[in-house]
Every structure is written in structure tokens, then in C-alpha cells.
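Undergrad:
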Ligand code: GLU
């Protein structure tokens, strides 16, 4: 028997949802419903400095306005820190993490000083400064200085060998090296988007990750973490981003109208949802 499809919408409550979120939520919702599957909601609120309770309430209001329902109580990442801590210690036990004591300013200075700084999807790659610390230096600084934990991507790949994920029926080779040694536990949070999302997609039994193509590159890291943590790999469907009529990307920082403001203006959600579905 084919396994049941389980998809999710996983917004971060750091602002109001806009049309792009509605498009993505609908795509994930419809993928599950069309297959007679389950649609789940996860509130990605690990960043307590940027997440706001009023935005959580706004997510519930906006999704209800769109007519979307989900099948289990929503998962709040802020309540799941022990699970991310466990995953982090499992990765430490594999010897694929190292503590990083660098500040942003130190990294920027080092990148500027090196004549050649390779870039990844999110900017210059970490130059590897703390990977080269001696065990004694590392031990001394660990008890004293604030630190993040970085993935030693080469050490990790040496353990897992080559990896792929499936995007529809295409096999995509995972190439996490494009991100360099990413941070898996931030100094201030003890976890990261990459670690939490990978742990939770597995914990929620997600079979199909439906999300915007802006997160395609993140999947290289997620696939590696799945292999290291012995977690299943969902199917991925990265959809094109909804663009404004002038072709610009819709994003809250570019002043895209929020769903709340559209609701206040009396936009009919049934027509809106039909329009969004027609743009797939
Ligand atoms: N929380 C992420 C965001 O709002 C999305 C996570 C995901 O779909 O993997 O951008």
C-alpha cells in the first residue's frame, strides 16, 4: 500500500503573512488533500527575539480566512528545544561538529583579508578559522567563551558518501559544500533553522515538503542532516515564487500587502484562493 501523503506549512511568526505565504500554504495543503492525506501546521518560532505572539495569532486568522484547516494541533518549535539539543549531541558524538567562537565582525574581517573568498547562497563561506583550533585551545575556550556549533561538512560527507533527494521524479545530487561549514546551533539559540526543520519534518512524519524555491538550496544541508541523524528523506517540491505584476518577488520586506490588510479591505477570500490556485 502506498504511504499516506503528509505535508506541512511552516511559517515563522516574524511578520504578517502575505500573498506568497498564502500561495505556499495552499500548495502544501492541496498536495495533501488531493491525495487524501494530512496537512500539518508548524510554527517556526525558535528565534525568540524576532517571533511575536501577535504574528502567531495572525497566522491562525489568515489561514482560517483562506479556508485552510490542518489535522493536528500545531507544533511550536520553541517548545521542542530538548529534541534539537539531542540531535545536536548525536551529531557531536559523530565528530562532525566543532565549536566556533568567531563574531560576525571577525568573520567579515577574515573574509575581507583573504584575497579569494568563496561565496555560497547566503554570502561568503565561513573561512574555517575555528576548525583549525588545537584540541587544547578548543577545550579552554569552550568553558569560557560564547560559541556556536558548525557542521564540518567535509567530515560529514566522508561519513555519509554521496546523497540525493527526489524532486518529483528527478534525483537531485545533494551538494552541501555550497554552504561551507554552516552553523547548526546559534550562539544565542542553541539550534538553527536547518537543524530544527530537519528534526521536525521527521518527527511529524512529513512525506512531502512543499515550499518555495527560495529554500531549494537549504535542502542540500537538510539531506545531509537526515543521513547523519538516520532520518527519512521526504519528497521535495520547491514551487516557483509568486511574483508581483511587475515581476518583482513578493516579500514582506518589499512591502507586499499582508493578508490581514487584504482582509480589512474586503477582499473575497474565495476568489483570492481560486486566483492563487490558477497561478500554479
Ligand atoms: N520557516 C521557514 C520560513 O518561514 C520555512 C521553513 C520550510 O518550509 O522549510 O521561511
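In our numbering, the protein residues as written are 1 to 280.
Backbone N, C-alpha and C fix where the C-beta goes; we use that ideal spot for every residue, glycine too.
These numbers come from a predicted model, not from an experiment.
(1) Per DSSP, which one or two residues make a beta bridge with residue 100?
(2) Drop a sphere of 10 angstroms on the beta-carbon of residue 49, count the other beta-carbons inside from all chains shown, and report buried for 16 or more, exposed for fewer.
(3) Leaving out five residues before and five after residue 177 in sequence, what residues of the same chain have Cβ atoms less than 7 Å from its Cβ?
(4) Is DSSP giving residue 117 helix, strand or coil here?
(5) Which one or two residues does DSSP pair with residue 239 in a beta bridge?
(6) What are the complete beta strand (DSSP E) segments, minimum 3 residues, inside the segment 9–68?
(7) Mind listing, in chain order, the continuous beta strand (DSSP E) runs of no fewer than 3 residues lying wholly within the segment 155–194?
(8) Measuring straight from C-alpha to C-alpha, what distance separates residue 215 and residue 157?
(9) Hey, would you say the C-beta of residue 174 is under 8 Å away from at least one heavy atom of the ligand GLU?
(10) If you pair each beta-carbon of the segment 194–204 with each one of the segment 228–241, do three or more pairs fall below 8 Å?
(11) Check whether the Cβ of residue 11 lies closer than 8 Å to any heavy atom of the ligand GLU, and answer yes or no.
(12) Give the DSSP bridge partners of residue 75, in chain order.
(13) If I follow the unbroken alpha helix (DSSP H) through residue 136, where does it start and stop?
(14) Is residue 107 helix, strand or coil when you go by DSSP?
(15) Regarding residue 54 and the ligand GLU, is the C-beta to nearest heavy atom distance less than 8 Å?
(16) Specify, as a first and last residue, the run of the alpha helix (DSSP H) that residue 276 falls within.
(17) Cβ of residue 179 within 9 Å of Cβ of residue 122?
(18) State buried or exposed for residue 226, treating a residue as buried only when at least 16 other CB atoms are found within 10 Å of its CB.
(19) How many angstroms separate the CA atom of residue 5 from the CA atom of residue 91?
(20) Express the C-alpha separation of residue 184 and residue 221 in angstroms, rounding to a whole number.
(21) Among 134, 22, 80 and 151, whose alpha-carbon lies nearest the alpha-carbon of residue 96?
(22) Is there at least one Cβ from chain B nearer than 9 Å to residue 16's Cβ?
(23) From residue 51 to residue 60, what does the alpha carbon distance come to, in whole angstroms?
(24) Within 8 Å, do at least three Cβ pairs link the segment 30–43 to the segment 201–209?
(25) Helix, strand or coil, according to DSSP, for residue 123 in the structure here?
(26) Using C-beta distances below 6 Å, list every residue in its chain close to residue 237, excluding the 5 sequence neighbours before and after it, in chain order.
(27) Just reading off the alpha helix (DSSP H) that residue 226 is part of, what are its end residues?
(28) Quick check on the burial criterion: 16 or more other C-beta atoms within 10 angstroms. Buried or exposed for residue 116?
TA: Taking the definition as stated:
(1) 148
(2) exposed
(3) 153
(4) coil
(5) 212
(6) 38–43
(7) 164–167, 170–173 and 183–185
(8) 21 Å
(9) no
(10) yes
(11) yes
(12) 42
(13) 135–142
(14) helix
(15) no
(16) 269–278
(17) yes
(18) buried
(19) 29 Å
(20) 10 Å
(21) 151
(22) Among the chains of the structure shown, chain B does not appear; only one protein chain is present.
(23) 15 Å
(24) yes
(25) strand
(26) 210
(27) 218–229
(28) exposed
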